[in-house]
Amino acid sequence: MDRATVHGAFIIRPSHGTTYPFRKPHKEIPIILGEWWNEDIRKLIADVLSTGSDFPPSDANTINGQPGDRFPCSSNGTFRLPIEPGETYMLHIINAALTNGFFFAIAGHRLTVVSSDGSYTKPFTADHIFIDPGQTMTVLLKARGRDHSKARYYMAARALTTNAGAPLDNRIATAVLEYINASSSGHPDFPTLPANNDSSAAAAYTARLRSLASKEHPADVPRNIDKRMIVTLAVNEIVCKKAPCKGPHGNRFAASLNNISFEMPRTDILGAYYRSTIGSVATTDFPDNPPSPFNFTADNLPPELALTARGTAVKVLAYGTVVEVVFQGTTILGGDSHPMHLHGFSFHAVGRGIGNFDSRQDPAKYNLVDPPYQHTVSVPTNGWVAIRFRAVNPGE
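Residues 1 to 396 in UniProt numbering are what the sequence shown lists, from first letter to last.
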């Protein structure tokens, strides 16, 4: 929830003596997509933690801290981007929202995607992008020439809902692209965005992401793995100790991985490992597979699957182990998409699909040539994503 307070962007440029794998842009501009709550965010967090309820949807989506001039409170503060005709601009787009993926577009302009999560991609041009929570995308914006007739264009962001039963802030955030020294009469043109439930548009965009995989920027994808883990993702219930709570059936909401809902230890896990006291803060038995297999994406699941328990379990890996993790979504409590981040690593997102992962057939469909190299990936509703990484960052 730090992103609901003061936040900003770190822009990492090419190292000294190197350059981008494309012509240097005229300027670089961060575009941060976020959310705003009218209520004190600290009070909201305290209420959710004490009652076990779902987090309320935001009161507005934002672009660079402002919901845009469709909101009276933001009409004077709407972010405006002045640009020169004919120049190329690099937009570093960051999704700093809590759980919402966003469609983003600029009226009258197409966007060329060149990077995802700090890793170069094969360039492709699109009318809109889709960006998951916690992800970054870098795009090139080519300004129109001096003979264009319009001066102002809206850039807009719309949230995608991946669970029809979950609350969503569906209001579109806007900012304004303004051509310098052009006539500003009339309203800005508005871009066409996919519908807020168009998961097919999001999937089609995501499928276009490919690593650059050039000589200078190779895609070093592991062809062979030492360990495969299948990890189920779910939103569950935990029995409320001081009933009733405000989650389902008077219980508490709780997310889980392989039916373990993380409990924060009093001592940091890595520090305990280096001090050889990890047994006092965590167990080392995080399962490689779901403890109780079931039809993960069935329409109707036994109600007892909704319950989970807290724990602090870790998976210990030998340095250099090549790991494949399949994140499997479930329909427990209705199912939803889940953004997954691997702290301290980037990984190759080698495969994805809808339904249950099939360990005999699905690996044959993996992209082991130029998959996107990312640090955050969203598992689709009722689907799965497979990632590969080398365990070479033990931390400090």
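Virtual Cβ for every residue (Gly too), placed ideally from N, Cα, C.
Here the structure is a predicted model, which means the values were calculated and not measured.
8 Å CB neighbourhood of residue i in its chain, flanking five on each side removed
i, result
"Gly395", "Leu270, Gly344"
"Asn196", "Arg158, Ala159, Leu160, Thr161, Leu168, Asn170"
"Asn259", "Thr232, Ala234, Asn236, Pro290, Pro291, Ser292, Thr308, Ala309"
"Ile11", "Glu28, Pro30, His92"
Option nearest residue i by Cα separation, candidates the options
i, options, result
"Tyr154", "Ile332, Pro248, Pro293, Tyr179", "Tyr179"
"Pro134", "Val369, Met264, His7", "For clarity, residue 134 is Gly in the given sequence; the question names Pro instead. Answer by Cα proximity: His7."
"residue 397", "Gly334, Phe71, Val326", "The structure shown does not extend to residue 397, since the chain is modelled only from 1 to 396, so the question has no answer here."
"Ser184", "Lys150, His217, Thr308, Ile238", "Lys150"
"Gly335", "Ser256, His187, Ala364", "Ser256"
"Gln361", "Ile32, Ile12, Gly351", "Gly351"
"His187", "Thr267, Thr138, Asp69", "Asp69"
"Pro222", "Phe389, Asn38, Arg23, Lys142", "Phe389"
"Tyr205", "Asn382, Ser15, Ser378, Phe10", "Ser378"
"Ser115", "Leu140, Ala105, Asn38", "Leu140"
"Ala105", "Ile225, Glu28, Pro194", "Pro194"
"Val316", "Phe296, Ala349, Lys227, Lys242", "Lys227"
"Phe124", "Ala207, Pro191, Ala298", "Ala207"
"Tyr319", "Asn393, His109, Gly145, Trp37", "Asn393"
Residue i, buried or exposed, once every other Cβ within 10 Å from all chains shown has been counted against 16
i, result
"Asn76", "exposed"
"Arg275", "exposed"
"Leu49", "exposed"
"Ile93", "buried"
"residue 410", "Past the edges of the chain, shown from 1 to 396, lies residue 410, and the structure says nothing about it."
"His16", "exposed"
"Ala173", "buried"
DSSP-derived helix/strand/coil call for residue i
i, result
"Arg352", "strand"
"Arg310", "strand"
"Pro293", "coil"
"His338", "strand"
"His375", "coil"
"Leu212", "coil"
"Gly250", "helix"
"Ala143", "coil"
"Gly279", "helix"
"Pro218", "coil"
Cβ-Cβ separation, residue j to residue i (assumed contact under 8 Å), whole Å
i, j, result
"Tyr89", "Leu212", "Tyr89 to Leu212, Cβ: 20 Å. No contact."
"Ala96", "Leu33", "6 Å"
"Pro371", "Gly329", "Contact flag wrong, Cβ pair sits at about 19 Å."
"Ser143", "Pro85", "Note that residue 143 is Ala in the sequence shown, not Ser. That pair is a contact at about 6 Å."
"Val323", "Ala386", "Contact doesn't hold; Cβ gap of about 11 Å is too wide."
"Thr312", "Thr283", "7 Å"
Own chain, CB closer than 7 Å to residue i, minus 5 neighbours either side, in chain order
i, result
"Ser346", "Asp117, Ser119, Tyr373, Gln374, His375"
"Gly247", "Gly52, Ser53, Glu237, Phe253"
"His217", "Pro21, Tyr120"
Cutoff 6 Å; reference residue i; Cβ partners in own chain excluding five residues on either side
i, result
"Thr99", "Pro133"
"Gln66", "Ser74, Gly77, Thr78, Phe79"
Heavy atom of the ligand GTP within 7 Å of residue i beta-carbon
i, result
"Pro25", "No copy of the ligand GTP occurs in the structure displayed, which carries no ligand at all."
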